[in-house]
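Chemist:
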Amino acid sequence: MPRKVEIEKVRNIGIMAHIDAGKTTTTERFLFYTGFLHRPGEVDEGTAFMDYMEQEKERGITITSAATTFFWRDHQINLIDTPGHVDFTAEVQRSLRVLDGAIAIFCGVGGVEPQSETVWHQADMYNVPRIAYVNKMDRMGADFYRVIQMMKDKLNAKPAVIELPIGAEDSFVGVVDLIREKAIYFDEETKGFKYYYDEVPSDMVDLVKEWRDKLVDAVAECDDDLLTYYLENGTLTEEQIELGLRKATLSNSLVPVLCGSSKKYIGVQPLLDAVIKYLPSPSDIGVFWGYDYNNHEKKISRKANDDEPFSCLAFKILSDPYLKKLTFVRIYSGTIKVGQVAFNTNSGKRERIQKILRLYANRKEELNEVYSGEIVAFPDLRSTKTGDTLCDEKHKILYERITFAEPVINQRIEAKTQQDRDRLLETLAKFAEEDPTFRFTNDEESGEIIISGVGELQLEIIADRLKREHNLDVRIGKPQVAYRETISLPVEEDYSFERQISGKNNFGYVRVLLKPNERGKGNEIRFQISEDIIPKQFWSAIEEGIKEGLQIGFLGYPLTDVIVEVTGGKYEREFCTELGYKIASSMAVREALRKSKSILLEPIFKVEIVSPEEYVGDIISDFNSRKGRIEE
13 MPRKVEIEKV
23 RNIGIMAHID
33 AGKTTTTERF
43 LFYTGFLHRP
53 GEVDEGTAFM
63 DYMEQEKERG
73 ITITSAATTF
83 FWRDHQINLI
93 DTPGHVDFTA
103 EVQRSLRVLD
113 GAIAIFCGVG
123 GVEPQSETVW
133 HQADMYNVPR
143 IAYVNKMDRM
153 GADFYRVIQM
163 MKDKLNAKPA
173 VIELPIGAED
183 SFVGVVDLIR
193 EKAIYFDEET
203 KGFKYYYDEV
213 PSDMVDLVKE
223 WRDKLVDAVA
233 ECDDDLLTYY
243 LENGTLTEEQ
253 IELGLRKATL
263 SNSLVPVLCG
273 SSKKYIGVQP
283 LLDAVIKYLP
293 SPSDIGVFWG
303 YDYNNHEKKI
313 SRKANDDEPF
323 SCLAFKILSD
333 PYLKKLTFVR
343 IYSGTIKVGQ
353 VAFNTNSGKR
363 ERIQKILRLY
373 ANRKEELNEV
383 YSGEIVAFPD
393 LRSTKTGDTL
403 CDEKHKILYE
413 RITFAEPVIN
423 QRIEAKTQQD
433 RDRLLETLAK
443 FAEEDPTFRF
453 TNDEESGEII
463 ISGVGELQLE
473 IIADRLKREH
483 NLDVRIGKPQ
493 VAYRETISLP
503 VEEDYSFERQ
513 ISGKNNFGYV
523 RVLLKPNERG
533 KGNEIRFQIS
543 EDIIPKQFWS
553 AIEEGIKEGL
563 QIGFLGYPLT
573 DVIVEVTGGK
583 YEREFCTELG
593 YKIASSMAVR
603 EALRKSKSIL
613 LEPIFKVEIV
623 SPEEYVGDII
633 SDFNSRKGRI
643 EE
């Protein structure tokens with residue numbers, strides 16, 4: 013069946029910002045104006061369609077990234093609304109990995125805030141083209157021009173302002189389209205559904221000319237042909253500005269900037285138009301690079317084309333009460349139908365696609381086939397984890413995995429009964445599969461369970477979900493610093509496991525070399541063996557065993573910054589099993605750690621403190637007492 017929307021008319025975008033900048037409210041307005049919602053939801057009232065978790069409704073914040081699809085001017089927009097709180101940065105990280113473009117929302121009062129910087133630099137890392145939207149222009153203290161300057165100073169961005177606010181704070185009533193030199197006003201009675209163009213207010217004519225000239229200069233400087241035309245004619249046409257700005261946006265040379273107040277229904281439709289005009293389609297991205305399945309040093313590519321071999325990346329896993337497990341994927345190339353089989357190049361296993369779902373927050377639509385450039389979910393995949401590649405088995409490719417921050421805070425957690433303890437461990441395993449920044453360890457000897465995350469709020473939400481969603485009554489200890497350990501010397505060790513379990517022989521033999529890694533690089537697992545020594549179908553089990561072995565080191569803390577190379581092994585067709593290799597690799601790592609000299613590490617955070625001058629002395633004193641180091 014042919015695709016309904018041409019790939020050139022597809023936009024895969026995300027919304028990123030600091031907490032309370034208005035991401036979810038803006039998304040709700042998108043859904044309202046595109047006809048998906050008859051009544052826009054409100055974050056303050058707990059009725060936001062995109063915030064479907066109970067904790068999100070109660071707290072008025074986004075906790076997990078939610079995906080939805082809507083249509084605007086014959087274009088299909090697949091949108092992911094991401095959290096703004098620093099504890100949920102992983103949701104932003106994995107979303108940006110699979111998106112083609114992004115909207116960066118800034119509060120008209122707060123401007124560029126700490127998490128704004130974090131997500132902006134994450135987008136830089138993945139080279140994601142973006143447009144900016146200065147929201148909350150109706151708020152007291154809103155200053156559009158200050159935010160533009162902050163973008164330059166703090167983000168090193170090159171903003172291309174295409175709208176100016178008409179008024180500010182209580183007098184904010186509309187925007188000026190600098191390209192068309194027209195004012196846009198939004199009808200209050202229809203909640204901005206109706207809007208109209210008018211002449212620029214007389215007191216803004218000079219200001220509009222000044223900023224339009226800046227826009228034309230910026231666009232012309234990014235294209236030699238446009239610059240030649242500009243020098244000869246003194247200006248650019250509307251069409252030239254839009255085409256030049258699109259080209260500059262796709263190359264990350266410029267960032268188009270718009271403004272409005274999503275809560276007051278001002279400026280949202282022009283923002284939707286800007287998504288279509290300036291952000292890329294999958295075909296604009298062109299080529300997606302990965303690695304050859306049989307030679308991880310060799311780069312290969314896929315094009316965003318339905319005729320290419322099928323390939324996709326799993327970027328998120330979510331437990332579902334009815335469908336067990338949903339795996340969110342970005343289709344990079346080719347197509348796949350329900351009933352067909354995909355090959356997981358990370359686990360070496362096949363996955364049958366039993367259903368294909370298009371997501372609308374917590375609503376789902378079943379599809380029979382999915383095409384390149386889409387973002388969908390596959391239910392109940394058995395061997396696929398976050399960051400895994402699924403592809404056509406005859407044309408294997410391995411996309412680079414997503415990297416996540418390491419946990420920095422620990423808490424002890426206890427169940428009240430043994431039965432609850434078993435359920436607790438099972439539930440924590442599901443949470444860890446959903447959130448790569450959440451970890452837990454279970455000391456079978458002491459019975460102690462430790463949960464780890466990147467912040468207190470993240471662990472607080474975990475505890476709340478245990479009680480609310482799984483009816484688990486647990487006791488939680490005080491937060492503690494999540495220390496880590498590493499090794500200082502290389503050490504090599506092997507281990508042979510052979511045991512009969514439930515009447516079945518299990519055998520595995522693995523040799524590993526542990527080496528110190530660069531600080532901050534994390535753990536790396538490398539296979540220095542060929543499939544002749546150990547077939548590739550067992551490599552994922554070996555990897556799991558190595559990760560298990562690195563959970564607790566000689567000093568009692570998880571290992572980090574360690575390179576583990578699999579340097580040898582044995583394969584006996586009749587007796588070798590995944591369990592055998594998993595246990596052998598885990599024990600080989602643990603034996604190696606006993607021989608290696610361990611070093612204790614503690615997490616380091618870089619923070620920026622803004623304070624009135626009279627408190628600076630007290631803050632410095634307090635900072636020094638906590639072993640802080642002031643750099644500037």
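Per the working numbering, the sequence shown starts with residue 13, numbered consecutively. We put the beta carbon where it would ideally sit given N, CA and C, even for glycine.
Measure the alpha-carbon distance for Pro177 versus Val217 and round it to whole angstroms.
Modeler: Going from the Cα of Pro177 to the Cα of Val217 covers about 13 Å.
Chemist: Per the DSSP calculation, Trp301 is bridged to which residue(s)?
Modeler: Its beta-bridge partners are Ser313.
Chemist: Under the rule that 16 or more other beta-carbon atoms within 10 Å means buried, what is Ile621, buried or exposed?
Modeler: The residue in question, Ile621, is exposed, as its Cβ has fewer than 16 Cβ neighbours within 10 Å.
Chemist: In three-state DSSP terms, what is Lys594?
Modeler: DSSP places Lys594 in helix when its eight states are reduced to three.
Chemist: Please state whether DSSP places Thr347 in a helix, a strand or coil.
Modeler: In the structure shown, Thr347 sits in coil (DSSP, three-state: anything other than H, G, I, E or B).
Chemist: For Phe452, which three-state DSSP category applies?
Modeler: Reduced to three states, the DSSP call for Phe452 is strand.
Chemist: Could you compute how far the alpha carbon of Lys166 sits from the alpha carbon of Glu644?
Modeler: So the two alpha carbons sit approximately 16 Å from each other.
Chemist: Pick out whichever of Glu603, Pro268, Lys527, Leu567 has its Cα sitting closest to the Cα of Glu577.
Modeler: Ranking Glu603, Pro268, Lys527, Leu567 by Cα distance to Glu577 puts Lys527 first.
Chemist: Between the alpha carbons of Arg71 and Ile92, how many angstroms are there, rounded?
Modeler: Because Arg71 carries a pLDDT of 44, less than 50, the predicted location of this residue cannot be relied on, and the following value inherits that uncertainty. About 20 Å.
Chemist: So does the segment 412–426 actually touch the segment 439–459, counting three or more Cβ pairs closer than 8 Å?
Modeler: Contact holds: three or more Cβ-Cβ distances are below 8 Å.
Chemist: With DSSP as the reference, please indicate the residues paired to Tyr372 in a beta bridge.
Modeler: Answer by DSSP bridge pairing, in chain order: Arg375.
Chemist: Using 10 angstroms around the beta-carbon of Met137, count the other beta-carbons present and answer buried if the total reaches 16, otherwise exposed.
Modeler: The residue in question, Met137, is exposed, as its Cβ has fewer than 16 Cβ neighbours within 10 Å.
Chemist: Quick check on Arg258: does DSSP put it in helix, strand or coil?
Modeler: The answer is helix: DSSP assigns Arg258 an H, G or I state.
Chemist: If you pair each beta-carbon of the segment 492–500 with each one of the segment 582–591, do three or more pairs fall below 8 Å?
Modeler: No: the two stretches stay apart, fewer than three of their Cβ pairs being nearer than 8 Å.
Chemist: I need the boundaries of the beta strand (DSSP E) containing Leu325, first residue and last residue.
Modeler: Its beta strand (DSSP E) spans residues 323–332.
Chemist: Between Val503 and Ala596, which are expected to be in contact by the criterion C-beta below 8 Å, what is the C-beta distance as a whole number of angstroms?
Modeler: Between Ala596 and Val503 the Cβ distance is about 17 Å, and since that is not below 8 Å, they are no contact.
Chemist: Would you call Asn380 buried or exposed, if buried means 16 or more other Cβ atoms sit within 10 Å of its Cβ?
Modeler: With fewer than 16 other Cβ atoms within 10 Å, it is exposed.
Chemist: If you measure between the beta carbons of Thr398 and Leu410, is that distance less than 7 Å?
Modeler: No.
Chemist: Counting C-beta neighbours from all protein chains within 10 Å, is the total for Asn648 16 or more, i.e. buried, or is it exposed?
Modeler: This structure leaves residue 648 out entirely; the chain is present only between 13 and 644.
Chemist: Does the contact criterion of 3 or more C-beta pairs under 8 Å hold for the segment 211–225 versus the segment 305–313?
Modeler: Taking 8 Å as the limit for Cβ pairs, the verdict is that the segment 305–313 does not touch the segment 211–225.
Chemist: DSSP three-state label for Met137, please.
Modeler: Three-state DSSP puts Met137 in a helix.
Chemist: Give a yes or no on whether the C-beta atoms belonging to Glu497 and Tyr569 are separated by under 7 Å.
Modeler: Cβ distance < 7 Å, so Glu497 and Tyr569 count as in contact.
Chemist: Could you tell me the distance, in whole angstroms, from the CA atom of Phe82 to the CA atom of Gln549?
Modeler: Going from the Cα of Phe82 to the Cα of Gln549 covers about 40 Å.
Chemist: What did DSSP end up calling Val110 once you bin it into helix, strand or coil?
Modeler: Helix.
Chemist: According to DSSP, is Met216 part of a helix, a strand, or is it coil?
Modeler: Residue state, collapsed to three classes: helix.
Chemist: Suppose the cutoff is 7 Å on Cβ atoms and the five residues either side in sequence are ignored; what does the same chain contact list for Lys276 look like?
Modeler: Within the same chain, Lys276 has close Cβ partners Asp150.
Chemist: Measure the C-alpha to C-alpha separation of Ala260 and Arg424 and round it to an integer number of angstroms.
Modeler: If I take the Cα positions, the gap works out to 51 Å.
Chemist: Please report the distance separating the alpha-carbon of Leu478 from that of Leu371.
Modeler: The alpha-carbon atoms of Leu478 and Leu371 are separated by roughly 25 Å.
Chemist: Where Gly629 and Phe617 are concerned, what is the direct C-alpha to C-alpha distance, given to the nearest angstrom?
Modeler: Computed Cα separation, rounded: 21 Å.
Chemist: Could you tell me which uninterrupted beta strand (DSSP E) segments, each at least 3 residues in length, are contained entirely in the segment 159–192, listed from first to last along the chain?
Modeler: The segment 159–192 contains these whole beta strand (DSSP E) runs: 171–173, 175–178, 186–189.
Chemist: With which residues is Glu577 paired in a DSSP beta bridge?
Modeler: Looking at the DSSP assignment, Glu577 forms a beta bridge with Leu525, Arg538.
Chemist: Taking the CB atoms as reference points, tell me whether Glu536 and Ile575 lie closer together than 7 Å.
Modeler: Yes, the pair counts as a contact, with Cβ atoms nearer than the cut-off.
Chemist: Could you give the C-beta distance for Phe327 and Ser345, rounded to a whole number, given that I count them as a contact under 8 Å?
Modeler: In fact, because the Cβ distance is near 16 Å, the residues do not count as touching under 8 Å.
Chemist: Spatial neighbours of Gln134 within its chain, please: CB distance less than 7 Å, with the 5 preceding and 5 following residues excluded, ordered by chain position.
Modeler: Once the five neighbours on either side are set aside, the close Cβ partners of Gln134 are Val104, Gln105, Leu108.
Chemist: Just to confirm, is the Cβ distance from Ser384 to Glu20 under 7 Å?
Modeler: Contact: no.
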